[in-house]
Amino acid sequence: MEPILKEIYDGIIDADQELVKEKVGAALSQGLDADTILNQGMVSAMTEVGRLFEEGEYFVPEMLICARAMQAGLSVLKPAMIAANLKSVGKVVAGTVKGDLHDIGKNLVCMMLEGAAFEIYDLGSDVSPQAFADKVKEVDADFVVMSALLTTTMPNMKATIEVLKEAGLRDKVKVLVGGAPLTTRYCEDIGADGYAADASRAVTLAKSLIGA
Ligand code: B1M
1009 MEPILKEIYD
1019 GIIDADQELV
1029 KEKVGAALSQ
1039 GLDADTILNQ
1049 GMVSAMTEVG
1059 RLFEEGEYFV
1069 PEMLICARAM
1079 QAGLSVLKPA
1089 MIAANLKSVG
1099 KVVAGTVKGD
1109 LHDIGKNLVC
1119 MMLEGAAFEI
1129 YDLGSDVSPQ
1139 AFADKVKEVD
1149 ADFVVMSALL
1159 TTTMPNMKAT
1169 IEVLKEAGLR
1179 DKVKVLVGGA
1189 PLTTRYCEDI
1199 GADGYAADAS
1209 RAVTLAKSLI
1219 GA
């Protein structure tokens, strides 16, 4: 690996936002292409962060600050990515379901998916079923990612799936769900395509569903 890519990789794992921004800028100045910087320097680092989380070495706070360092680097890289016309792996419409204001986990999932080259349309929190469906139609999405942290708002995931069905959009998208009170069983019961327990697993799941 190029030394500058290793510095970006280590910077993300150490959650050093300023260093990551500086080194991504330096890598671009050295003539490295956006694809190489993204995949070798950044996505691989987030994969390692996910592994450290799954092994119990990193916890949510570490994962969150590493994701912020990744986002900081992406803000520098984004113009070059657009210029290089990097193909996104898939379009994701994401949000926390209606009635639910918890957005930290959903933001983390969005950051990790964005880091894995998914194109994110983040609708925020308290998102109505109709708003999900409207955005899916507008951007021709490949995925709907829903988060719920309250047992009382979990049923709004099913309501969203129903609206997608009524709009004739259900077969065009993969519906992924997550959030602390969710289970695989609940995911199956409401007819979603997959459940992920955390942000790292959400990336693995989304990639597996499109064979990426
Ligand atoms: Co509230 N809250 N909260 N809260 N809050 C919980 C969820 C609660 C468990 C606390 C408790 O009682 N122990 C409880 C829910 C009980 C229940 O329903 N069974 C609760 C309650 C009751 C409430 C209120 C009703 C309190 C009140 O007003 N009386 C109220 C509801 C407001 C509303 O939403 N309408 C409320 C409000 C709030 C705050 C606004 C103060 C704040 C949220 C701020 C924000 O998000 N911007 C808040 C917080 C911070 C929490 C706790 C303490 C922390 C949640 C969090 O951010 N965790 C929470 C207790 C807890 O979870 N320990 C609690 C960190 C985050 C990174 O984890 O969101 O689980 P998490 O996301 C993980 C995974 O779940 C997964 O990946 C993430 C990262 O690995 N994941 C997905 C999440 N979404 C995914 C989607 C996917 C895949 C994976 O799609 C594929």
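Heads up: the sequence shown runs through residues 1009 to 1220, numbered per the working numbering. We put the CB at the ideal spot given by N, CA and C, even for glycine.
Open item on the list: My output table needs one value for residue 1162: the three-state DSSP class, helix, strand or coil.
Closed with: If you number the sequence shown from 1, residue 1162 lands on position 154. If DSSP states are grouped into helix, strand and coil, residue 1162 belongs with coil.
Open item on the list: Using only the alpha-carbon positions, how far apart do residue 1176 and residue 1140 sit?
Closed with: Here residue 1176 refers to the residue found at position 168 of the sequence shown. Here residue 1140 refers to the residue found at position 132 of the sequence shown. Cα-Cα distance, rounded: 13 Å.
Open item on the list: In the DSSP assignment, the alpha helix (DSSP H) including residue 1146 goes from what residue to what residue?
Closed with: As a first step, residue 1146 is located in the sequence shown; it is residue number 138 there, counting from the start. Unbroken alpha helix (DSSP H) run through residue 1146: 1137–1147.
Task: residue 1056 versus residue 1098: straight-line alpha-carbon distance, rounded - done: In the sequence shown, counting from the first residue as 1, residue 1056 sits at position 48. In the sequence shown, counting from the first residue as 1, residue 1098 sits at position 90. About 22 Å.
Task: Rounded C-alpha distance that separates residue 1087 from residue 1036 - done: Locating residue 1087 in the sequence shown gives position 79, where the first residue counts as 1. Locating residue 1036 in the sequence shown gives position 28, where the first residue counts as 1. The straight-line gap from Cα to Cα measures roughly 11 Å.
Task: Option nearest residue 1131 by Cα separation, candidates 1054, 1217, 1220, 1146 - done: As a working note, residue 1131 is residue 123 in the sequence shown. Comparing Cα positions, the closest option is 1146.
Open item on the list: Rounded to whole angstroms, what is the Cα-Cα separation between residue 1169 and residue 1199?
Closed with: Along the sequence shown, read from residue 1 onward, the residue named residue 1169 stands at position 161. Along the sequence shown, read from residue 1 onward, the residue named residue 1199 stands at position 191. Cα to Cα, residue 1169 sits roughly 8 Å from residue 1199.
Task: 8 Å contact criterion, which residue 1033 and residue 1084 should meet: CB distance rounded - done: As a working mapping, residue 1033 is identified with position 25 in the sequence shown. As a working mapping, residue 1084 is identified with position 76 in the sequence shown. About 5 Å separates the two Cβ atoms, so the contact holds.
Task: Reduced DSSP category for residue 1009 - H, G, I as helix; E, B as strand; rest coil - done: Your numbering for residue 1009 matches position 1 in the sequence shown. The answer is coil: DSSP assigns residue 1009 none of H, G, I, E or B.
TODO: Just the C-alpha distance for residue 1136 and residue 1105, rounded to the nearest angstrom, thanks.
DONE: Translated into positions along the sequence shown, residue 1136 becomes position 128. Translated into positions along the sequence shown, residue 1105 becomes position 97. Rounded to whole angstroms, residue 1136 to residue 1105 spans 6 Å at the Cα level.
Task: Supposed close pair residue 1102, residue 1024 - CB separation, criterion 8 Å - done: For the purposes of this step, residue 1102 is taken as the residue at position 94 of the sequence shown. For the purposes of this step, residue 1024 is taken as the residue at position 16 of the sequence shown. Not a contact, Cβ separation roughly 27 Å.
Task: residue 1060 versus residue 1066: straight-line alpha-carbon distance, rounded - done: By one-based count along the sequence shown, residue 1060 stands at place 52. By one-based count along the sequence shown, residue 1066 stands at place 58. Near 5 Å, if we compare the C-alpha coordinates of residue 1066 and residue 1060.
Task: Own chain, CB closer than 6 Å to residue 1127, minus 5 neighbours either side, in chain order - done: Translated into the one-based positions of the sequence shown, residue 1127 becomes position 119. Counting only Cβ-Cβ distances below 6 Å, and skipping sequence neighbours, we find 1096, 1099.
TODO: Say yes only if the C-beta of residue 1112 is nearer than 6 Å to one or more non-hydrogen atoms of ligand 1, and no if none qualify.
DONE: Position 104 of the sequence shown, counted from the start, is the residue given in the question as residue 1112. Flag set: Cβ of residue 1112 near ligand 1.
- [ ] Answer with buried or exposed for residue 1214, where buried requires no fewer than 16 other C-beta atoms within 10 angstroms of its C-beta.
- [x] The count along the sequence shown starts at 1 and reaches residue 1214 at position 206. Residue 1214 should be labelled buried.
TODO: Sort out for me which residues DSSP pairs residue 1203 with in a bridge.
DONE: Translated into positions along the sequence shown, residue 1203 becomes position 195. Answer by DSSP bridge pairing, in chain order: 1185.
Open item on the list: Buried or exposed for residue 1161, going by 16 or more other Cβ atoms inside 10 Å?
Closed with: The count along the sequence shown starts at 1 and reaches residue 1161 at position 153. It is buried - the Cβ of residue 1161 has at least 16 other Cβ atoms within 10 Å.
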